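S.K.:
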DNA sequence: AACCTACGTCGGAGCGCTCCGATGAATCGG
DNA sequence: CCGATTCATCGGAGCGCTCCGACGTAGGTT
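Here it is in structure tokens:
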């Protein structure tokens, strides 16, 4: 038994010879196109079986110009958010006969640039990308110009005029914040990641950035503004996008002379890190602090207390992106569409009416709070 | 602006013409092989840049017979275990210039068979697979015969004589169980998944199956046996491999007339599901029940109490598999090697000395228990 | 009977690239 | 000064497949 039994795989030509039919006829039979009489078909199939013929999809792709492969670029497959998305993509792609090449960008525009180029060179039929930077997309529009279908995931880039599948992060953050406000909270903190380039405005302004974190931060600010609450810059924390980052920012928050009475986090990593920090400080939730997380992951149900979170349809995000991409690949025309998938607030036990004697904290669990009912505190 | 600006990408031929050099010379320059004089190289590169030349890797693969692509087949990318593994693989593969095609098998041998075939037809240079069934591997040995390097992940198949990267699940389970025994527990339950085909022996026997779950179950049984404890079949629960499955089995366990005083779970899904069930029943851990989980995921630190678990080097599992595969692809000869990566027990707060008056429960936290010190109970 | 249509069959021309063998110019030693 | 070696350059032959146009034979029409 040799180490390399590479016995040179049989090709269509070999099969044709073995079945004593023309080369093209064998090709048609095996490739499943054109027409071929039943007898001949049988002969060819038999020969193929005995020779152990396996088509070379690369050659096929070469000839057809279509690889039946999708490129997927996400920040980090270890992040459950992206893992679930990829699963959604994969579940749609495979039945349609597409394989998926997966690349992690770690939110680095440069990694993404390289990855996307490589994917294009590998002749993928389309690309799904959760863009790392919303202001650095030259590589993406380049692709687009070359006619490669591309679908944006989780983050839209309006200038790109590409299909996109997103959630309404602004509204989601706003609803969550409204809920906290309705519970009477006035000192509400947010733990978001540094990728939210939005400067903190005194008043609410539409988001300058369209990055996921920036949009959610904007929603948070908008809710505060609508309620007439001043923004305390100390309560807006931008963590490095890791559990450790969120951990330390949440810790810093509680070290404040005047700590917040509620914390909102903007993604599952921030949620985990912040929650761990609170846990380690033995801060009682919701008695001492209300907590509103983001992403309805399995573990949010089993911590104490179970976390109230913004639930987003993660799997569907991926599945929809894949469907959209397949549509484009099949030649669906029409201008780029942005699909906004619905989020919803999941109320578990981690928020409650603010305890320390705030006036006008009477409306409970009313979401969103009717404008004007909640008055500015200072 | 047309919808399909497919302006037909420039090829080596076009570049050669534009630079007025021979076709092969341009090819050598762009392909980075052979030799070419500096002036000519400059001309070619310039022409390539102005034409926006992008190599077609498919064509290159066709010509070289190597695709610089790896196939990876795991059960489910949504499972954090596999997500982390894939990250490990990817981190090793990409710097080496390999892309990764990812496929989910859902532990179904048939899905795996189809996937693996497709990957081979797509001419991947090698395959990493966490085999769904250890007794159904014809498709894998077929590949092997065709000379395609293949590395087994998480589960070995000795008959296959392929490289494999695994942990010593038997020993890990044994250590964890020993720990529980040392704490005086006599009624120790295990929640494992149905894929552990091992019949429950009265006494310990080496595992008939080499499936992951089967091995861990065997380790559990071995520890009981060594301690002279009889196996109560009611305490061996095989759940469907989902959170819900583990949830209901753990629940059933606590409904027993004589429930266990300790529970051991054999993977992260079982751990989550079982823990959730205990949580929902308001069973106090570790006061009412000791709990030992598997897989040191982030959330195990933030539940109450923090979970003691068997930690396995998940990322390294993937990275090592990739390194092994790359080695084979580069032609490293030698017989198949099985790499066993070390696990370790992480003690947090979820186990404690058994409370209800068992005799001889004096040795605490001694792991593993000295043979003979713990006597059979009945 | 002569004709047209339809369809199974066939070889060949690509797809874009790498690799091989050949060519010609330049460099070196005797 | 000429033969021998070196090296940039070149076209062509593949890699395995699909697709196109051509061919031949059968069936149906007038």
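Residue numbers (this note's numbering), protein chains in the order written: chain A, 1 to 378; chain B, 1001 to 1378.
Built from N, CA and C at the ideal position, the CB exists for glycine as well.
Because the structure is a prediction, the values reported are computed rather than measured.
Give the DSSP-derived three-state secondary structure of residue 256 of chain A in the structure shown.
M.R.: Indexing the first chain from 1 puts residue 256 of chain A at position 256. In the structure shown, residue 256 of chain A sits in coil (DSSP, three-state: anything other than H, G, I, E or B).
S.K.: Let me know the secondary structure DSSP gives residue 193 of chain A once reduced to three states.
M.R.: Along the first chain, one-based indexing puts residue 193 of chain A at 193. Residue 193 of chain A falls in the strand class under three-state DSSP.
S.K.: Please give me, in chain order, every unbroken run of the alpha helix (DSSP H) with length at least 4 that falls completely inside the region 1001–1068 of chain B.
M.R.: 1012–1018, 1023–1031, 1038–1051 and 1057–1064
S.K.: Closer than 7 Å, Cβ to any Cβ of chain B: which residues of the region 292–311 of chain A, in chain order?
M.R.: 298, 299, 301, 302, 303 and 304
S.K.: Looking only at C-alpha atoms, which of A/330, A/314, A/155 and A/61 sits nearest to residue 147 of chain A?
M.R.: The count along the first chain starts at 1 and reaches residue 147 of chain A at position 147. Per the Cα distances, A/330.
S.K.: Distance cutoff 8 Å, beta carbons only. Does residue 1150 of chain B sit that close to anything in chain A?
M.R.: In the second chain, counting from the first residue as 1, residue 1150 of chain B sits at position 150. No, residue 1150 of chain B lies away from the interface with chain A (no Cβ there is under 8 Å from its Cβ).
S.K.: Against chain B, does residue 382 of chain A count as a neighbour if the rule is that its beta carbon must be under 8 Å from one of theirs?
M.R.: Outside the displayed span of chain A (1 to 378) sits residue 382 of chain A, for which this structure offers no information.
S.K.: What first and last residue would you give for the beta strand (DSSP E) that runs through residue 104 of chain A?
M.R.: Mapped onto the first chain, residue 104 of chain A falls at position 104. Start and end: 99–104.
S.K.: How many angstroms separate the CA atom of residue 1221 of chain B from the CA atom of residue 1155 of chain B?
M.R.: Looking up residue 1221 of chain B in the second chain gives position 221. Looking up residue 1155 of chain B in the second chain gives position 155. If I take the Cα positions, the gap works out to 19 Å.
S.K.: With three or more C-beta pairs closer than 8 Å as the rule, is the region 44–57 of chain A touching the region 291–311 of chain A?
M.R.: no
S.K.: Contact between the region 1097–1114 of chain B and the region 1129–1140 of chain B is defined here as three or more beta-carbon pairs at a separation below 8 Å; is this criterion met?
M.R.: yes
S.K.: Quick one: list the residues of chain B neighbouring residue 243 of chain A, beta-carbon separation under 7 Å, in chain order.
M.R.: The residue you call residue 243 of chain A lines up with position 243 of the first chain. Within chain B, the residues near residue 243 of chain A are 1298.
S.K.: Excluding the five sequence neighbours on either side, which residues of its own chain have a C-beta within less than 6 Å of the C-beta of residue 1247 of chain B, listed in chain order?
M.R.: As a first step, residue 1247 of chain B must be located in the second chain, where it is residue number 247. These residues qualify, in order along the chain: 1273, 1276 and 1277.
S.K.: Taking Cβ-Cβ distances below 7 Å as the criterion, which residues of the region 109–129 of chain A are in contact with chain B?
M.R.: 118, 120, 121, 122 and 123
S.K.: Let me check one thing: in DSSP terms, what residues is residue 1308 of chain B bridge-paired to?
M.R.: If you number the second chain from 1, residue 1308 of chain B lands on position 308. Its beta-bridge partners are B/1292.
S.K.: Output yes if chain B places a C-beta closer than 8 Å to the C-beta of residue 270 of chain A; else output no.
M.R.: Position 270 of the first chain, counted from the first residue, corresponds to residue 270 of chain A. By this cut-off, residue 270 of chain A is not an interface position.
S.K.: Do residue 9 of chain A and residue 16 of chain A count as a contact pair if the criterion is CB distance below 8 Å?
M.R.: Working through the first chain from its first residue, we reach residue 16 of chain A at position 16. Working through the first chain from its first residue, we reach residue 9 of chain A at position 9. In this structure, residue 9 of chain A does not lie closer than 8 Å to residue 16 of chain A by Cβ.
S.K.: In this structure, does DSSP put residue 1081 of chain B in helix, strand or coil?
M.R.: Translated into positions along the second chain, residue 1081 of chain B becomes position 81. Here residue 1081 of chain B sits in helix by DSSP.
S.K.: So within the region 1214–1287 of chain B, which uninterrupted beta strand (DSSP E) runs reach at least 3 residues, ignoring any that extend past its ends?
M.R.: 1236–1239 and 1262–1265
S.K.: Going by alpha carbons, who is nearest to residue 348 of chain A out of A/308, A/164 and A/87?
M.R.: As a working note, residue 348 of chain A is residue 348 in the first chain. Nearest option by C-alpha distance: A/308.
S.K.: Once you ignore the five residues that flank residue 1377 of chain B on each side, which residues in its own chain have a CB closer than 6 Å to its CB?
M.R.: In the second chain, the residue the question calls residue 1377 of chain B occupies position 377. Residue confidence for residue 1377 of chain B is low, a pLDDT of 37 falling below 50, so the modelled location carries little weight; the figure read from the coordinates is stated next. Taken in chain order, the residues that qualify are 1186.
S.K.: Measuring CB to CB, does residue 103 of chain A end up less than 8 Å from residue 322 of chain A?
M.R.: If you number the first chain from 1, residue 103 of chain A lands on position 103. If you number the first chain from 1, residue 322 of chain A lands on position 322. Contact: no.
S.K.: Taking C-beta to C-beta, are residue 219 of chain A and residue 171 of chain A nearer than 8 Å?
M.R.: Along the first chain, read from residue 1 onward, the residue named residue 219 of chain A stands at position 219. Along the first chain, read from residue 1 onward, the residue named residue 171 of chain A stands at position 171. Yes; because the gap between Cβ atoms is below 8 Å, this pair is in contact.
S.K.: Please name the residue in A/180, A/250, A/228 and A/231 whose C-alpha comes closest to that of residue 238 of chain A.
M.R.: Translated into positions along the first chain, residue 238 of chain A becomes position 238. When each option's Cα is compared against that of residue 238 of chain A, the closest is A/250.
S.K.: Under the rule that 16 or more other beta-carbon atoms within 10 Å means buried, what is residue 28 of chain A, buried or exposed?
M.R.: Numbered from its first residue, the first chain carries residue 28 of chain A at position 28. The residue is buried, with at least 16 neighbouring Cβ atoms inside 10 Å.
S.K.: Would you mind telling me which residues of chain A sit closer than 9 Å to residue 1067 of chain B, beta carbon to beta carbon, in chain order?
M.R.: Numbered from its first residue, the second chain carries residue 1067 of chain B at position 67. Near residue 1067 of chain B (Cβ distances below 9 Å), the residues of chain A are 58 and 122.
S.K.: Taking C-beta to C-beta, are residue 315 of chain A and residue 84 of chain A nearer than 8 Å?
M.R.: As a first step, residue 315 of chain A is located in the first chain; it is residue number 315 there, counting from the start. As a first step, residue 84 of chain A is located in the first chain; it is residue number 84 there, counting from the start. Against a cut-off of 8 Å, the Cβ pair of residue 84 of chain A and residue 315 of chain A comes out as a contact.
S.K.: So, for residue 354 of chain A: in the same chain, excluding its five sequence neighbours on each side, which residues have a beta-carbon less than 7 Å away from its beta-carbon?
M.R.: One-based indexing of the first chain puts residue 354 of chain A at position 354. In its chain, beyond the 5 residues on either side, 183, 184, 185, 261 and 361 have a beta carbon closer than 7 Å to the beta carbon of residue 354 of chain A.
S.K.: Short of 8 Å Cβ to Cβ, which residues in the region 1241–1266 of chain B face chain A?
M.R.: 1243
S.K.: Contact criterion: CB-CB distance below 8 Å. Does residue 1336 of chain B meet it with respect to chain A?
M.R.: Taking the second chain and counting its residues from 1, one reaches residue 1336 of chain B at position 336. With 8 Å as the cut-off, residue 1336 of chain B does not count as an interface residue toward chain A.
S.K.: Determine the closest residue to residue 1052 of chain B out of A/80, A/35, A/143 and A/65, with distance taken between C-alpha atoms.
M.R.: Here residue 1052 of chain B corresponds to residue number 52 of the second chain, with the count starting at 1. Answer by Cα proximity: A/143.
S.K.: Of all the CB atoms in chain A, is at least one closer than 8 Å to the CB of residue 1100 of chain B?
M.R.: As a working note, residue 1100 of chain B is residue 100 in the second chain. Closer than 8 Å to some Cβ of chain A, the Cβ of residue 1100 of chain B qualifies, so yes.
S.K.: What is the rounded straight-line gap between the Cα of residue 212 of chain A and the Cα of residue 169 of chain A?
M.R.: Along the first chain, read from residue 1 onward, the residue named residue 212 of chain A stands at position 212. Along the first chain, read from residue 1 onward, the residue named residue 169 of chain A stands at position 169. If you take the alpha carbons of residue 212 of chain A and residue 169 of chain A, they lie about 7 Å apart.
S.K.: To the nearest whole angstrom, what separates the beta carbons of residue 192 of chain A and residue 217 of chain A, a pair I think is in contact under 8 Å?
M.R.: As a first step, residue 192 of chain A is located in the first chain; it is residue number 192 there, counting from the start. As a first step, residue 217 of chain A is located in the first chain; it is residue number 217 there, counting from the start. Sure, about 5 Å apart at Cβ, within 8 Å.
S.K.: Excluding sequence positions up to five away, which residues of its chain have a Cβ less than 8 Å from the Cβ of residue 1082 of chain B?
M.R.: For the purposes of this step, residue 1082 of chain B is taken as residue 82 along the second chain, with counting starting at 1. Excluding residues within five positions, the ones whose Cβ falls inside 8 Å are 1074, 1075, 1076 and 1130.
S.K.: Determine the DSSP secondary structure at residue 328 of chain A, reduced to helix, strand or coil.
M.R.: Numbered from its first residue, the first chain carries residue 328 of chain A at position 328. Three-state DSSP puts residue 328 of chain A in a helix.
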